[in-house]
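Take a look at the structure set out below.
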Amino acid sequence: MSGLEIVPLAIQSFQLCIQAYQFFYTVGHMDQEVDLVRSRLQWEQYRLVEWGQRAGLNKTPDNRLNWSVACGLLEQQHALLTSADKLKRLYNLQVQEEEELVHPKNVSVASELDFPDSGIGKLVAKLRPDIYTTSAAQSVRIGGKAFRRLRWATIGRKQADRVIQDIAEQNTRLWQLLDSAEQLSLRNGVDALLRDIISRSNSTSEVETVQQLLNPGQAISDKALAAAASLKQIRLTIGVDKTDDEIPPQLTRLVKEKMPVLKRLKARKVKAKTLVGIETGKYDGEDVVIEWKVVDKPVWKDFRQQVEALAVLLTALQDSSFHALSCIGYLPWEEKERYAIVYELPPTMMEGPSTGLKSLYEVLGEEPKVSLYQRVQIALDLSETLLQLHTAGWLHKGIRSENVRFTIPEKAKTGSLLESPMYLVGYEYSRPDTTGAALMTELPDTNPYADLYRHPQARGNHRMRFHKRFDVYALGCVLLELALWKRIVDVQSEFTSHDLGAAILKAEIDKKDVDLPDFLKFGSDPDQVLHVRHSAGKVFTDAIIACFSPEGGSGDASESYLGTQKAVVDKLRSCRC
């Protein structure tokens with residue numbers, strides 16, 4: 001049979017598979033394991049429909065595709081979805097097979113059956129409604145005929161896993177029939193969708209379902225997504241940065257196993273010099289990095305829960321995509337009105353003498369020239385880190401060049417100061433979710449230099465509740481510093497033609513407030529844009545403009561800022577040289 005003759009058979013098999021997915025349902029109590037199976041099948045339906053679009057089933061079939069192999073894979077998948085005998089014989093899975101006469105009036109293009117109302121399918125339908133309205137799936141038309149479907153009254157988890165793994169493998173093999181460019185585009189689209197799903201998941205059970213879809217051992221992107229999903233699950237469990245729609249956590253065995261162990265350290269074992277900011281010291285005789293947080297005695301105990309939650313989350317940042325120091329635990333020291341987060345010494349500091357963890361802010365004032373390649377790499381690492389945090393729903397709240405750190409050898413040569421890995425520090429803890437939270441409003445650093453990185457609506461005593469866009473604005477400020485290789489106060493002085501540093505200093509001496517400028521109109525000033533393009537190029541500049549964009553309105557009702565961050569990361573990836 002020729003390729004042209006096999007295409008109609010492949011299309012028919014594709015349609016039958018979509019029908020089988022659409023009519024899959026369970027009976028009885030919908031417990032979590034059964035819902036997990038259904039969600040994973042919904043995901044495979046999405047993968048199949050995406051393949052159908054790329055293969056041209058809704059337009060003109062791709063004549064480069066091996067349709068004979070595709071038809072065989074589709075027929076195998078249809079058999080797995082509809083044959084009770086095959087499921088029993090191959091997987092020892094007990095299901096009931098039944099036939100039902102389905103009339104056209106019961107199922108149409110706009111039928112409710114087309115849009116899943118629960119599980120992963122519901123989120124996919126929300127994020128990609130085109131899959132159910134204009135995709136290849138809409139080529140399905142059901143006439144007045146008997147249709148076979150399976151009633152999964154009970155599900156054996158291991159057997160069901162094997163079935164779904166085989167279906168997933170068939171879909172993967174279908175994807176591999178596409179050309180390399182289509183495969184890459186498809187992979188990127190799926191990664192973006194999974195990131196959106198993780199971000200929008202509002203319960204630990206939904207996140208657990210997403211984790212079942214990932215294969216971190218085989219793909220770098222899956223590894224980063226798995227790390228973000230794990231952090232999201234931990235954040236949901238301990239309630240940090242909780243949103244109104246999030247559901248109280250279900251402490252399943254899997255969730256408990258993934259919770260980091262919180263280590264409370266003892267003050268008598270620590271040796272440090274300044275007890276301020278970030279410094280190197282010793283704990284129990286071992287070299288460590290210590291981050292101090294000052295809390296006044298009247299509210300010292302009230303903040304304990306927040307510091308503990310912060311330490312748990314920091315302990316969870318083990319994946320390299322977070323560019324984080326490895327957290328050992330937290331140290332309460334009430335006599336000194338301090339809490340401390342203690343980290344392991346970075347590997348590069350163990351290799352030889354170093355100047356400690358030097359901040360980007362310091363290097364900006366010490367190193368006159370740094371290659372554009374290094375600056376772009378730092379910008380990319382920082383942007384990817386924030387994307388990971390926001391995917392998990394965790395807000396940093398303190399992004400600025402002072403909190404971007406590097407380990408620099410003592411005898412580092414000029415131009416090589418920033419060749420060591422970047423670490424993001426300075427996470428601010430969330431205020432308590434209690435009626436007295438307003439009395440414990442978090443303004444740990446009222447330094448006007450730090451305020452320059454804050455969105456205008458995130459400054460002062462009357463600031464708004466913190467949103468993702470405020471972190472993204474701060475990211476834009478650091479990217480601007482990297483692009484022009486100047487501290488933000490000097491950038492503003494150059495843009496506004498007056499000595500902002502002198503104005504801040506005078507205000508501090510006079511104990512007066514100072515009116516700080518912002519970058520909200522940066523993208524609309526052609527002279528400023530041209531100046532940055534001259535130093536860092538168009539793509540880097542466009543990434544900065546995206547950070548200062550007002551997209552998303554005044555709140556975070558949508559996840560548009562996650563899309564902005566993905567766009568920033570993609571731009572920076574494309575301009576590495």
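In this text, residue positions in the sequence shown follow full-length UniProt numbering: the first is 1, and each later residue adds one.
We treat Cβ as the ideally placed atom computed from N, Cα and C, and that holds for glycine.
Note that the structure is a prediction, hence the values are computed from the model and not measured.
Going by DSSP, what residue range makes up the alpha helix (DSSP H) through residue i?
i: C575; result: Unbroken run through C575: none, as it is neither H nor E.
i: F519; result: It is not in any alpha helix (DSSP H) - F519 carries neither H nor E in the DSSP assignment.
i: V529; result: P526 to A536
i: residue 585; result: Outside the displayed span of the chain (1 to 577) sits residue 585, for which this structure offers no information.
i: Y449; result: P448 to D451
i: I247; result: Run containing I247: none; DSSP gives neither H nor E here.
i: residue 605; result: This structure cannot settle anything about residue 605, because the visible part of the chain is limited to 1 through 577.
i: G476; result: K468 to L484
i: S383; result: L372 to T391
i: L93; result: It is not in any alpha helix (DSSP H) - L93 carries neither H nor E in the DSSP assignment.
By the DSSP assignment, the beta strand (DSSP E) with residue i in it spans what residues?
i: D287; result: E286 to V294
Taking the CB atoms as reference points, tell me whether residue i and residue j lie closer together than 9 angstroms.
i: A192; j: L214; result: no
i: Y343; j: V270; result: no
i: Q233; j: Q212; result: no
i: L313; j: V240; result: yes
i: T204; j: T237; result: yes
i: A543; j: L479; result: yes
i: R405; j: Y423; result: yes
i: L395; j: L389; result: yes
i: G393; j: R235; result: yes
i: L48; j: N188; result: no
i: V37; j: L87; result: no
i: V425; j: L357; result: yes
i: G329; j: A311; result: yes
i: R459; j: D451; result: yes
i: Y449; j: I509; result: no
i: residue 580; j: S68; result: Given a span of 1 to 577 for the chain in the structure shown, any question on residue 580 remains unanswerable.
i: R54; j: L178; result: yes
i: R338; j: V294; result: yes
i: G121; j: S180; result: no
i: A536; j: V376; result: yes
i: L225; j: T391; result: yes
In the DSSP assignment, what residue or residues form a beta bridge with residue i?
i: A507; result: Beta-bridge pairing links A507 to no other residue.
i: residue 581; result: In this structure the chain extends from 1 to 577, so residue 581 is not present and cannot be described.
i: I341; result: E291 and Y330
i: V270; result: Y283
i: R264; result: Y330
i: L424; result: V404
i: S359; result: R405
Out of the options, point me to the one whose CA is closest to residue i's CA.
i: I545; options: A536, V529 and S535; result: V529
i: Y373; options: L482, A219, E428 and L194; result: L482
i: residue 602; options: K566, A536, E291 and I247; result: In the structure as shown, the chain begins at 1 and stops at 577. Residue 602 is therefore absent and cannot be evaluated.
i: E50; options: L174, H462, Q388 and L418; result: L174
i: Q176; options: M259, N66 and E75; result: N66
i: T496; options: W485, D518 and C477; result: D518
i: P421; options: A507, L386, C327 and S321; result: S321
i: P8; options: Y21, Q19, L74 and R40; result: L74
i: Y453; options: D490, L418 and Y429; result: D490
i: Q565; options: Y339, G72, K258 and L387; result: L387
i: L360; options: C477, E335, K282 and D284; result: C477
i: residue 583; options: M349, V376, P260 and K511; result: The first residue shown for the chain is 1 and the last is 577, placing residue 583 beyond what the model contains.
i: D527; options: V514, L516 and T541; result: T541
i: R264; options: L516, G563 and I341; result: I341
i: K512; options: N447, H323 and Q492; result: N447
i: L562; options: A55, R200 and R64; result: R200
i: K258; options: K266, Q318 and P248; result: Q318
i: I197; options: R128, C71 and V307; result: R128
i: D302; options: I220, E334 and L325; result: E334
i: F522; options: H498, F548, G501 and V514; result: F548
Taking only runs that begin and end inside the stretch 198-229, name each unbroken alpha helix (DSSP H) of 4 or more residues, in chain order. Whole alpha helix (DSSP H) segments, 4+ residues: 204-213.
Let me know the alpha helix (DSSP H) ranges lying completely inside the stretch 11-72, each 4 residues or longer, listed in chain order. Given a length threshold of 4 residues, each whole run of the alpha helix (DSSP H) inside the stretch 11-72 is given here in chain order: 32-54.
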